[in-house]
Amino acid sequence: MRCARRVLQRADALYRRVNTWSAVGAAFNTQHRRLDNLEKNVGLFGVPELSSPAGFQVAQRKALREAEFLVHRACTHPPDAITVETFDQLSDSLCKVADLADFIKVAHPDAAFREAAERTCVDIGTVVEKLNTNVDLCRSLKTLLENEAVLATLDPEERRVAELFMFDFEISGIRLDESKRKKAVALNVELLDLSYEFLNGSQLPNSIDKRVLPERIRHCFSIDGNRVQIGGLCADSPNELVREAAYKIFLYPNTSLLLCLDELLACRHELATLVGYESFAHRALKGTMAKTPETVMKFLTLLTEKLSDRTSKDFKVMREMKKKTHITNHEVMPWDHAYLSSAIRTEKFNVDCGVYSPYFSLGACMEGLNHLFTQLLGVYFQAEEPKMGEVWSEDVRKLAVVHETEGLLGYIYCDFFRRPDKPNQDCHFTIRGGRLMKDGVYQLPVVVLMLSLPPPNGKTPSLLTPAMVENLFHEMGHAMHSMLGRTRYQHVTGTRCSTDFAEVPSVLMEYFASDYRVVSQFARHYQTGEPLPESLVSRLCESKRVCGAADTQLQIFYAALDQVYHGKPQYTTTTDMLREMQEKFYGLPYVPDTAWQLRFSHLVGYGAKYYSYLMSRAVASMVWRQCFLQDPFNRVMGERYRWEMLAHGGSKEPMLMVQGMLQKTPTIEDFVDALVVDLDANLKTQK
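Sequential numbering from 1 applies to the sequence shown in full-length UniProt numbering.
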């Protein structure tokens, strides 16, 4: 008995030792206390007005009064640098309410808060549309930009921000006569309605009489009376008939939604041509790294050519796998891609998420990020206890981001855990942008990171799969972009930059998350303290490249379709365009009577910019290989990364930031080669 007791004591001591986390790790690996209802309610994010849903109207009225004052000042003050500052203050006063409301309308568990936030978003959005067509307001900025003597006194950041504000006016039709300006406003309003209708429709399930489906697979779907509800592609199902049925039914054309998409695309094109652009794509790509649709299509076409042999090889391997796992129909179909890729990875590398998860407690991963940022950027996290009413759920953690010499940089609210009715999405929200205020004090940025992780349970912390770890690092890349942006103006702070550059910091973090030198700093078994073996990380990295060319080609197809839809009118159906692009850029056949484009919700948020994922990954790949592959903790490169890429937000041309980091000007061919190298090379440390 004494011996058994000693064993238990040693085991208990070991448990305490491996679970003795820093304040940051402990904040995420333990269940949170319930906030004391006796505390004073400070309001969401510490905004006093937002202690109740009705407070949104109070905050809105306050912002609109301030906006009215600033509009008057901008229109009456002589043009100089103060004009740019006034415009930014105007943007800031509206964004601080609108951005917060934009988050709360999707994340708050209380419907009353969501509805109040939704109304505020609509009301402020309407005001912004009116301001973008305010002739007097535009004239004050135009006078500034046309006065060479005054313009010469502006520094590059002031001038760029002024030009960006003018661009907002121009794309809203400010140069048009009054009747056409009204038309532009009407088109923008119509676009909001069409976008909402399309997004909502793209998420709805399709249903079919259950008798149409073979009885042996009906149990795989949700059944409502005599109808089978299919709300997804069932891409992971080992049963090909289930995958095929889900694909054909979920993607079956919806006539009203097809019409909605047609109207959405036509409305975008009409608006773009009304304000002087050849197409919506030309308008959307101004100011990006790519700049024009022609450049984007050159990039996608060249990448397709470079990947051609690799993609064909991947599909051949998929066919061979299908022969092994399926008795009939060995042709690889679109509903097979994800399943067969996964099956090949499993056969070659047997990557079992259950083996990895015990090494990836959320607290350990947060400490790993803390360690990485401390070494690379001199930045660390401090866990803070939120006050009553400051957060929308007791599961939300608050982090202060602190620089070792500069002090507090901003706040990250971490809404990481699953809960009923919470959107199942991983994303970054800007709540308040950073800016230099008139008194010389810097307005600290505030962001939210939203993930969908399993919550801690008793003595078991939140355990992450490798994909969850990668997503955590990805979203934290966005957060640090916001925290380290030190622009004078909030209009261009942090991730408020071109879409094809905004994803670079987040994708770059995925490379750090896959490097054993980084992973070994934090990946420990939550019970034994055993480090994650290097062989497991190597196997995981190798598995990610399985069918990588085919996966990339699928993204190219999506990006090309996005470009065609937003280019000059084709005078054909969106389904015909889909079929043509699929044949040209994918490699798997179009399935008759399907309309995948109706599930392509990114058409709304990324209109003509879906290519950004690929281009950002190319830039991140080049930055990783050139600057961090030799040493992922290189402080010199970390400082260069901060001051050449992160600090400027959108206040500097994106390609200039890339040039500053790489010390050279990359070409389209360089972007393509970077993506190809990622598929071919084993990105281990070069010695």
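Where is the CB? At the ideal position from N, CA and C, for every residue including glycine.
- Residue range E178 to Q203 is occupied by the alpha helix (DSSP H) that includes N188, with no beta strand (DSSP E) assigned at that position.
- Around the C-beta of R216, fewer than 16 other C-beta atoms lie within 10 Å, and the residue is accordingly described as exposed.
- Note on K182: under 16 other CB atoms within 10 angstroms of its CB, so exposed under the neighbour-count rule.
- For R227, the enclosing beta strand (DSSP E) starts and ends at R227 to I230.
- Here the region 226-243 does not lie against the region 567-582, with fewer than 3 beta-carbon pairs under 8 Å apart.
- For A513, the number of other beta carbons within 10 angstroms of its own is at least 16, and it is reported as buried.
- The three-state secondary structure of Q630, taken from DSSP, is coil.
- When DSSP states are grouped into helix, strand and coil, L369 belongs to the helix group.
- For M333, the three-state secondary structure derived from DSSP is coil.
- In summary, M615 is buried, with 16 or more beta-carbon neighbours lying within 10 Å of its beta-carbon over all protein chains present.
- By the C-beta criterion, the region 252-270 is judged to be in contact with the region 565-576, since at least 3 inter-stretch pairs fall below 8 Å.
- Three or more pairs of CB atoms, one per stretch, sit closer than 8 Å, so the region 368-383 contacts the region 473-483.
- Nearest Cα to S22 within the set S202, N147, L362 and L213: L362.
- The three-state secondary structure of P531, taken from DSSP, is strand.
- Counting every other CB atom within 10 Å of its CB across the protein chains shown gives E644 a total of 16 or more, marking it as buried.
- Rounded to whole angstroms, the separation of the alpha carbons of I124 and N634 is 44 Å.
- In the three-state reduction of the DSSP assignment, R175 falls in the coil class, being assigned neither a helical nor a strand state.
- Residues of the same chain with a CB within less than 6 Å of the CB of Y610, apart from the 5 flanking positions on each side, are Y558, A559, D562 and H602 in chain order.
- In the DSSP assignment, S538 forms no beta bridge with any residue.
- For G587, the closest alpha carbon among the candidates Y606, H481 and A549 is that of A549.
- Shown here, N457 sits in a strand according to DSSP, grouped into three states.
- For L251 against W596, the beta-carbon gap comes to about 5 Å, under 8 Å, which counts as contact.
- Per DSSP, K398 is one residue of the beta strand (DSSP E) stretching across R397 to H403.
- At the C-beta level, L436 and R488 come within 9 Å of one another.
- If you draw a straight line from the Cα of L399 to the Cα of Y413, it is about 6 Å long.
- Here the region 295-312 lies against the region 666-674, with 3 or more beta-carbon pairs under 8 Å apart.
- Shown here, E148 sits in a helix according to DSSP, grouped into three states.
- The region 282-297 makes contact with the region 492-511: 3 or more CB pairs, one atom from each, lie closer than 8 Å.
- Per the DSSP secondary-structure output, S361 pairs in a beta bridge with L463.
- Rounded to the nearest angstrom, the gap between the Cα atoms of H428 and N329 is 43 Å.
- Listed in chain order, the non-local C-beta contacts of V97 below 7 Å within the same chain comprise A59, Q60, A63, T120 and I124, local neighbours out to five positions each way being set aside.
- DSSP links E384 through a beta bridge to K398.
- Membership of T430 in the beta strand (DSSP E) is indicated by the continuous run C427 to R432.
- In the assembly as shown, L199 is an exposed residue. Its beta-carbon has fewer than 16 other beta-carbons within 10 Å.
- S393 is positioned such that its CB atom lies no closer than 9 Å to that of T430.
- In this structure, the alpha-carbon of P156 lies about 27 Å from that of D99.
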